[in-house]
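Just so you know, the sequences run in chain order A and B.
Position in the first sequence (first residue = 1) + 18 = this note's numbering.
Position in the second sequence (first residue = 1) + 94 = this note's numbering.
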Amino acid sequence: MYKPKAGALSVAGIASLAVLSACGTTGGGGPTSGGGGALGSCRGTITVATDLPLTGGDATDGPFPAYGAQLAVTQANDHHTLGGCRLKYVSKDDSSVAQNGHDPAQGAANITALAADSSVIGVVGPFNSSVALTEIPIASQNHLPLISPANTNPGLTQPGTNPAIDTNALYKGVHSYFRVIATDTDQAEILAYVATKELSATKAFLFDDQQTYGKGLRLLFQKFYTQDGGTVVGSPASLPSSTKTFSTQLGEASTDGAKLVFFGGTTGNGCGLVRGQMAAAGLTVPFLGGDGCEDTKFLTDAGANANGAEATSAPDVTKLASAATFYSDYAAAYSNLTAPYNDGKKEPYTAYGYDAMNILIKAIKAALINNHAKVPADIMTFRDDVITQLHSVSYDGAIGHTTFDTNGDTTNTGFTLYQVQSGAWATKETLAVDTSGNVSVKS
Amino acid sequence: MAPAGLVPRVRRPTGAGRAIPVLRGMYRWASGNFPAILLLVIALTVIGVFLQGQGHDQGLTLMGLQLRNALVLGAIYALVAIGYTMVYGIIELINFAHGDVFTASGFYAILIATLFGLNGLAAGGPGGLVLALLILFPVVMLMSGLTGMIIERVAYRRLRSSPRLAPLITAIGVSFFLEGFMLTRAGPDNVPTGRSAWITTHAFTFGGVSVSWKDIFVVAVALGLMFALGAFIRGTRLGKAMRSTAQDRDAALLCGININRTISVTFFIGSALAAAAAIVYTINLEFIQWNLGYRLGIIAFTAAVLGGIGNIVGAGLGGFLIGAIYVFGGQLVGGEWSEALIFAVLVIILTFRPVGLLGVEVTTRA
Numbered sequence: 019m020y021k022p023k024a025g026a027l028s029v030a031g032i033a034s035l036a037v038l039s040a041c042g043t044t045g046g047g048g049p050t051s052g053g054g055g056a057l058g059s060c061r062g063t064i065t066v067a068t069d070l071p072l073t074g075g076d077a078t079d080g081p082f083p084a085y086g087a088q089l090a091v092t093q094a095n096d097h098h099t100l101g102g103c104r105l106k107y108v109s110k111d112d113s114s115v116a117q118n119g120h121d122p123a124q125g126a127a128n129i130t131a132l133a134a135d136s137s138v139i140g141v142v143g144p145f146n147s148s149v150a151l152t153e154i155p156i157a158s159q160n161h162l163p164l165i166s167p168a169n170t171n172p173g174l175t176q177p178g179t180n181p182a183i184d185t186n187a188l189y190k191g192v193h194s195y196f197r198v199i200a201t202d203t204d205q206a207e208i209l210a211y212v213a214t215k216e217l218s219a220t221k222a223f224l225f226d227d228q229q230t231y232g233k234g235l236r237l238l239f240q241k242f243y244t245q246d247g248g249t250v251v252g253s254p255a256s257l258p259s260s261t262k263t264f265s266t267q268l269g270e271a272s273t274d275g276a277k278l279v280f281f282g283g284t285t286g287n288g289c290g291l292v293r294g295q296m297a298a299a300g301l302t303v304p305f306l307g308g309d310g311c312e313d314t315k316f317l318t319d320a321g322a323n324a325n326g327a328e329a330t331s332a333p334d335v336t337k338l339a340s341a342a343t344f345y346s347d348y349a350a351a352y353s354n355l356t357a358p359y360n361d362g363k364k365e366p367y368t369a370y371g372y373d374a375m376n377i378l379i380k381a382i383k384a385a386l387i388n389n390h391a392k393v394p395a396d397i398m399t400f401r402d403d404v405i406t407q408l409h410s411v412s413y414d415g416a417i418g419h420t421t422f423d424t425n426g427d428t429t430n431t432g433f434t435l436y437q438v439q440s441g442a443w444a445t446k447e448t449l450a451v452d453t454s455g456n457v458s459v460k461s
Numbered sequence: 095m096a097p098a099g100l101v102p103r104v105r106r107p108t109g110a111g112r113a114i115p116v117l118r119g120m121y122r123w124a125s126g127n128f129p130a131i132l133l134l135v136i137a138l139t140v141i142g143v144f145l146q147g148q149g150h151d152q153g154l155t156l157m158g159l160q161l162r163n164a165l166v167l168g169a170i171y172a173l174v175a176i177g178y179t180m181v182y183g184i185i186e187l188i189n190f191a192h193g194d195v196f197t198a199s200g201f202y203a204i205l206i207a208t209l210f211g212l213n214g215l216a217a218g219g220p221g222g223l224v225l226a227l228l229i230l231f232p233v234v235m236l237m238s239g240l241t242g243m244i245i246e247r248v249a250y251r252r253l254r255s256s257p258r259l260a261p262l263i264t265a266i267g268v269s270f271f272l273e274g275f276m277l278t279r280a281g282p283d284n285v286p287t288g289r290s291a292w293i294t295t296h297a298f299t300f301g302g303v304s305v306s307w308k309d310i311f312v313v314a315v316a317l318g319l320m321f322a323l324g325a326f327i328r329g330t331r332l333g334k335a336m337r338s339t340a341q342d343r344d345a346a347l348l349c350g351i352n353i354n355r356t357i358s359v360t361f362f363i364g365s366a367l368a369a370a371a372a373i374v375y376t377i378n379l380e381f382i383q384w385n386l387g388y389r390l391g392i393i394a395f396t397a398a399v400l401g402g403i404g405n406i407v408g409a410g411l412g413g414f415l416i417g418a419i420y421v422f423g424g425q426l427v428g429g430e431w432s433e434a435l436i437f438a439v440l441v442i443i444l445t446f447r448p449v450g451l452l453g454v455e456v457t458t459r460a
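Written out as structure tokens, the structure is:
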């Protein structure tokens with residue numbers, strides 16, 4: 019059972035809770051356990067950090083992966099994963115009052131501070147792609163490993179996939195950025211596979227919500243869909259988020275004989291409304307969307323017409339067998355937190371934060387072993403060693419098997435296809451894409 | 095000079111014509127505007143052929159479909175625009191809270207429908223539907239009309255003799271108040287109205303263009319209410335009072351017209367029409383959102399300016415024109431340009447014809 023030291027939890031607030039690192043646990047075996055036999059002679063304290071949005075509008079997102087990462091550190095210390103060396107955990111909040119949530123400027127300031135700290139070896143974060151844009155150049159110049167649990171924008175690592183991002187300009191130094199979540203490129207390839215192979219839709223009409231995520235996903239889908247033999251009818255509709263009536267575009271879709279309507283964007287920007295208005299426009303064809311569409315707001319907005327709509331989203335980690343131990347460990351470690359933070363399953367990225375930190379710890383351990391159980395005197399050398407280890411890391415954790423490709427993107431590319439059945443999202447199947455772009459159904 | 099729409103233009107029909115004034119009026123309008131109608135038909139055909147050339151296999155069908163969409167959208171804009179134009183015509187105030195009265199009416203409609211179990215009633219069959227509509231329209235229009243009257247009484251009446259800017263700022267304040275109230279009460283998301291089963295049947299298909307009873311209902315409600323409003327303003331004592339107040343408030347007062355009551359009635363009618371627009375909107379699109387009226391109000395206001403602010407016929411015409419610009423602009427140039435096009439047209443109209451299409455110069459009060 020988890021028992022905090024006296025007074026350790028007396029300070030209220032998420033950020034202060036998250037910086038605790040001295041809590042002891044007596045149960046549960048973390049995936050990083052295995053002792054530090056080779057590192058018995060290791061001496062010193064190594065700092066690892068998270069940079070996630072913890073307050074404001076993001077207070078329901080960021081704290082979960084932060085707690086997950088903190089749990090990984092606590093478990094590593096308990097199991098002496100680094101032998102005689104200890105890990106110290108630091109939590110940074112990239113929210114600002116001005117933005118009422120994640121703020122790229124705050125993220126940049128946090129990473130600058132962490133990079134300047136010669137005990138910091140790596141950071142788990144950020145949560146938002148916009149924050150990653152300001153953090154990656156700083157981390158790259160300072161050789162600071164950055165492992166994101168949640169960034170899906172492909173433009174962060176893959177040149178030419180997002181017209182708004184100059185990918186190569188982000189990496190002014192070394193490529194120190196990694197992510198444990200699959201990108202929208204993977205998602206778009208899977209969506210194109212579903213559209214052409216499973217729904218057999220030869221003609222599609224495309225919508226997007228003009229936003230970085232939505233338009234990016236639509237452009238990628240369009241590319242892979244036409245590669246797979248599909249035809250885009252009419253001109254893709256790129257509409258502002260304030261749009262409420264889609265009759266003009268749906269009319270075009272129906273007269274042009276669309277066999278599929280695709281929406282790249284979020285339900286806040288009309289995904290459910292488009293689905294809801296298809297029937298009135300005489301369109302009885304399938305509807306397909308990305309992870310921005312798969313939520314309860316979609317069901318409300320599409321109303322009675324929601325049934326049959328399909329959307330891909332990140333795999334439901336809470337149902338993975340590999341994550342069962344993690345979730346019970348989390349519940350035991352954080353049972354004294356207020357709801358919802360005492361339940362790791364309330365947010366899909368909790369397990370991603372946990373695995374990202376465990377991967378960082380695994381790379382640190384490998385780097386220490388290579389250096390004969392000594393912490394390198396020069397932090398830059400140490401960071402470079404960890405980056406080298408991250409590029410070749412192979413890790414089985416809560417979210418499955420993770421390795422990184424040359425871009426630092428995960429090869430764990432599974433997405434789950436969901437379908438609305440009787441007014442609720444139901445799991446249909448899980449698909450994955452391999453490094454050569456071939457999509458296959460996993461389950 | 096008075097805003098033209100509040101002054102009777104058409105003499106009342108006599109004899110047989112009185113029995114079917116609407117048809118007679120339509121005939122007279124159609125014959126009087128025959129060249130314009132012919133031009134419109136030719137323009138639509140040309141656009142259709144153009145679309146066909148653009149790679150749309152069924153350009154003409156698409157054209158017809160978009161014409162239907164334009165009419166449905168335009169009908170809602172027109173109903174909201176009339177509220178703006180009536181208030182402006184009578185007290186020369188741009189009532190920025192009007193769009194939010196529209197939204198509030200949508201929530202009233204949900205409230206009333208839940209209270210009386212109208213959703214179940216309407217789904218029961220044609221009889222139930224008619225009954226549900228007969229309950230929903232008067233009750234919600236009454237509630238909304240009273241809301242409009244209260245807004246006028248509380249926020250505008252005391253400022254009637256203040257500088258023009260004071261009531262304008264107050265109107266924006268009322269708008270913010272209503273939006274904030276609806277946001278806290280109804281939440282930030284779209285609120286479903288559960289009206290999907292109200293009108294579902296398909297009416298007819300003409301040349302590949304399928305028209306549902308819902309489409310016909312929206313346009314019919316708008317046109318019906320507009321004709322009714324026209325008859326009210328032309329034919330009743332209150333209507334006459336409104337016209338004279340619009341022409342010259344002080345002279346109307348001297349003639350013994352109760353100005354306060356007349357202005358209250360104007361707000362009542364304008365808000366009630368917005369309520370009718372909100373009801374058809376919630377039946378047509380099946381949701382309402384706290385800030386929906388803000389943007390819709392701005393567009394409807396544009397329609398009122400386009401038609402000639404203060405002119406009721408102009409507001410109706412402007413509403414349908416804006417609907418057409420929105421839909422056809424979206425089709426031809428791309429949906430992301432729809433709203434930009436509306437305001438571009440507004441700028442052009444105001445540059446070359448500052449009073450709007452049907453407007454007449456309004457002398458500014460000293």
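Beta carbons are placed, not taken as given, at the ideal position from N, Cα and C, and that holds for glycine.
Only a predicted model underlies this, so the values are computations on that prediction, with no experimental measurement involved.
- Message: Check whether the stretch 59-72 of chain A and the stretch 127-147 of chain A touch, using three or more Cβ-Cβ pairs below 8 Å as the test.
- Response: Contact between the stretch 59-72 of chain A and the stretch 127-147 of chain A is present, because at least three Cβ pairs lie under 8 Å.
- Are there three or more Cβ pairs, one per stretch, closer than 8 Å when the stretch 346-361 of chain A is compared with the stretch 234-251 of chain A? No: the two stretches stay apart, fewer than three of their Cβ pairs being nearer than 8 Å.
- Does any residue of chain B bring its CB to less than 9 Å from the CB of A/W443? For the purposes of this step, residue 443 of chain A is identified with residue 425 of the first sequence, where counting begins at 1. A/W443 has a beta carbon lying at 9 Å or more from every beta carbon in chain B.
- Item | Status (buried if at least 16 other CB within 10 Å, exposed otherwise) for A/N456 | Start at 1 with the first residue of the first sequence, and residue 456 of chain A comes out as number 438. The residue in question, A/N456, is exposed, as its Cβ has fewer than 16 Cβ neighbours within 10 Å.
- Task: Report yes or no: do three or more beta-carbon pairs, one from the stretch 273-291 of chain A and one from the stretch 265-278 of chain B, lie closer than 8 Å?
- Result: No: the two stretches stay apart, fewer than three of their Cβ pairs being nearer than 8 Å.
- Task: Please classify B/V407: is it buried, with 16 or more other beta-carbons within 10 angstroms of its beta-carbon, or exposed?
- Result: The sequence position of residue 407 of chain B within the second sequence is 313, counting from 1. With 16 or more Cβ atoms within 10 Å of its Cβ, B/V407 is classed as buried.
- Task: Specify whether the stretch 147-165 of chain B and the stretch 411-424 of chain B touch according to this definition: at least 3 beta carbon pairs, one from each stretch, less than 8 Å apart.
- Result: Taking 8 Å as the limit for Cβ pairs, the verdict is that the stretch 411-424 of chain B does touch the stretch 147-165 of chain B.
- Task: Mind listing the chain A neighbours of B/S290? Cutoff is C-beta to C-beta under 7 Å, in chain order.
- Result: The sequence position of residue 290 of chain B within the second sequence is 196, counting from 1. Simply G321, A322.
- Message: If distances are taken between C-alpha atoms only, which option among B/H296, B/Q152, B/N405, B/L390 comes closest to B/I436?
- Response: For this step, residue 436 of chain B is matched to residue 342 along the second sequence. Its Cα nearest to that of B/I436, the residue B/L390 stands out among B/H296, B/Q152, B/N405, B/L390.
- Task: Report buried or exposed for A/Q407, applying the criterion of at least 16 other Cβ atoms within 10 angstroms of its Cβ.
- Result: Here residue 407 of chain A is taken as the residue at index 389 of the first sequence, counted from 1. Looking at its Cβ environment, which holds 16 or more other Cβ atoms inside 10 Å, A/Q407 is buried.
- Under the three-state reduction of DSSP, which class applies to A/A439: helix, strand or coil? Start at 1 with the first residue of the first sequence, and residue 439 of chain A comes out as number 421. Looking at the sequence itself, residue 439 of chain A is Gln, so the reference to Ala does not match. DSSP places A/Q439 within a strand segment (E or B) once states are collapsed to three.
- Same chain only: Cβ atoms within 6 Å of A/A219, ignoring 5 sequence neighbours per side: Along the first sequence, one-based indexing puts residue 219 of chain A at 201. So the qualifying residues of the chain are A213, K277, L278.
- Message: Using only CA atoms, which one of B/L452, B/W431, B/L426, B/I357 lies nearest to B/A397?
- Response: The sequence position of residue 397 of chain B within the second sequence is 303, counting from 1. If we check each option's Cα against that of B/A397, B/L452 comes out closest.
- Task: Compare the C-beta of A/T44 with all C-beta atoms of chain B and state if any pair is closer than 9 Å.
- Result: In the first sequence, counting from the first residue as 1, residue 44 of chain A sits at position 26. Per-residue confidence for A/T44 stands at a pLDDT of 36, beneath the threshold of 50, marking its modelled position as unreliable; the derived number appears in the next sentence. Output row for A/T44: interface = no.
- Message: Helix, strand or coil, according to DSSP, for A/V251 in the structure here?
- Response: Position 233 of the first sequence, counted from the first residue, corresponds to residue 251 of chain A. Coil, per DSSP.
- Item | Nearest-angstrom beta carbon gap, B/H192 and B/G177 [assumed within contact, 8 Å] | For the purposes of this step, residue 177 of chain B is taken as residue 83 along the second sequence, with counting starting at 1. For the purposes of this step, residue 192 of chain B is taken as residue 98 along the second sequence, with counting starting at 1. About 5 Å separates the two Cβ atoms, so the contact holds.
- Query: Among all the DSSP beta bridges, which residues are the ones paired with A/R197?
  - Reply: For the purposes of this step, residue 197 of chain A is taken as the residue at position 179 of the first sequence. Answer is A/S166, A/D427, bridged to A/R197.
- Simplified DSSP assignment, three categories, for A/D334: Reading the first sequence from its first residue, position 316 is the one you call residue 334 of chain A. In the three-state DSSP reduction, A/D334 falls in the coil class, being neither helix nor strand.
- A/V142: first and last residue of the uninterrupted beta strand (DSSP E) it sits in: Numbered from 1 along the first sequence, position 124 holds the residue referred to as residue 142 of chain A. 138-142 is the span of the beta strand (DSSP E), which, as asked, contains A/V142.
- Message: With DSSP as the reference, identify every bridge partner of A/V279, one or two as the case may be.
- Response: In the first sequence, counting from the first residue as 1, residue 279 of chain A sits at position 261. Note: A/V279 sits in a beta bridge opposite A/F223, A/F305.
- Item | B/T155 and B/G302 closer than 9 Å at C-beta | In the second sequence, the residue the question calls residue 155 of chain B occupies position 61. In the second sequence, the residue the question calls residue 302 of chain B occupies position 208. In this structure, B/T155 sits near B/G302, with a CB-CB distance shorter than 9 Å.
- Going by CA-CA distance only, name the one from B/I136, B/D151, B/L134 that's closest to A/S272. The count along the first sequence starts at 1 and reaches residue 272 of chain A at position 254. It is B/D151 whose Cα lies nearest to the Cα of A/S272.
- Using a cut-off of 8 Å between C-beta atoms, extract the partners of B/E380 located in chain A. If you number the second sequence from 1, residue 380 of chain B lands on position 286. Those are G294, G321, listed as they occur along chain A.
- Classify B/P286 as buried or exposed, calling it buried when 16 or more other Cβ atoms lie within 10 Å of its own Cβ. What you label residue 286 of chain B is simply residue 192 of the second sequence in a count that begins at 1. Classification of B/P286: buried, given that the 10 Å Cβ count is 16 or more.
- Item | Closest Cα partner of B/T360 within the set B/F298, B/V313, B/L187, B/F446 | Here residue 360 of chain B refers to the residue found at position 266 when the second sequence is read from its first residue. Nearest of B/F298, B/V313, B/L187, B/F446 to B/T360, Cα basis: B/L187.
- Straight-line Cα distance separating B/M320 from B/R328: Numbered from its first residue, the second sequence carries residue 328 of chain B at position 234. Numbered from its first residue, the second sequence carries residue 320 of chain B at position 226. Rounded to the nearest angstrom, the two C-alpha atoms are 12 Å apart.
- Message: Give the list of continuous alpha helix (DSSP H) stretches no shorter than 4 residues that lie fully inside the stretch 199-280 of chain B.
- Response: Secondary structure in the stretch 199-280 of chain B: the alpha helix (DSSP H) runs of 4 residues or longer, each lying completely within the stretch, are 212-217, 220-245, 259-280 in chain order.
- Query: In or out: B/L173 buried (at least 16 other Cβ within 10 Å) or exposed?
  - Reply: Translated into the one-based positions of the second sequence, residue 173 of chain B becomes position 79. Its Cβ being crowded by 16 or more others within 10 Å, B/L173 is buried.
- Message: Is the beta carbon of A/A369 closer than 9 Å to that of A/F344?
- Response: Here the question's residue 344 of chain A lines up with position 326 in the first sequence. Here the question's residue 369 of chain A lines up with position 351 in the first sequence. Against a cut-off of 9 Å, the Cβ pair of A/A369 and A/F344 comes out as a contact.
- Query: In chain A, which residues lie with their C-beta within 8 Å of the C-beta of B/S306?
  - Reply: For this step, residue 306 of chain B is matched to residue 212 along the second sequence. Those are A298, listed as they occur along chain A.
- Can you tell me whether DSSP reads B/L452 as helix, strand or coil? For the purposes of this step, residue 452 of chain B is taken as the residue at position 358 of the second sequence. Three-state DSSP puts B/L452 in coil, outside helix and strand.
- Query: Is any beta-carbon of chain A found at less than 9 Å from that of B/R247?
  - Reply: Against the second sequence, residue 247 of chain B aligns to sequence position 153. Chain A contact via Cβ: absent.
- With a cut-off of 8 Å on the beta carbons, I'd call A/P163 and A/D111 a contact; round off their distance for me. Position 145 of the first sequence, counted from the start, is the residue given in the question as residue 163 of chain A. Position 93 of the first sequence, counted from the start, is the residue given in the question as residue 111 of chain A. A/P163 to A/D111, Cβ: 20 Å. No contact.
- Message: Judging by CA-CA distance, which residue of B/M243, B/G401, B/G413 is the nearest neighbour of B/L444?
- Response: Sequence index remark: in the second sequence, residue 444 of chain B carries index 350 (1-based). Comparing C-alpha distances from B/L444 to each of B/M243, B/G401, B/G413 shows the shortest one belongs to B/G401.
- Message: Short of 7 Å Cβ to Cβ, which residues in the stretch 167-186 of chain B face chain A?
- Response: Those residues of the stretch 167-186 of chain B that come within reach of chain A (Cβ to Cβ, closer than 7 Å) are L167.
- Query: Under 9 Å Cβ-Cβ, which residues of chain B neighbour A/K262?
  - Reply: Numbered from 1 along the first sequence, position 244 holds the residue referred to as residue 262 of chain A. Residues of chain B passing the Cβ test: N284, L379, F381, Q383, L386, R389, L390.
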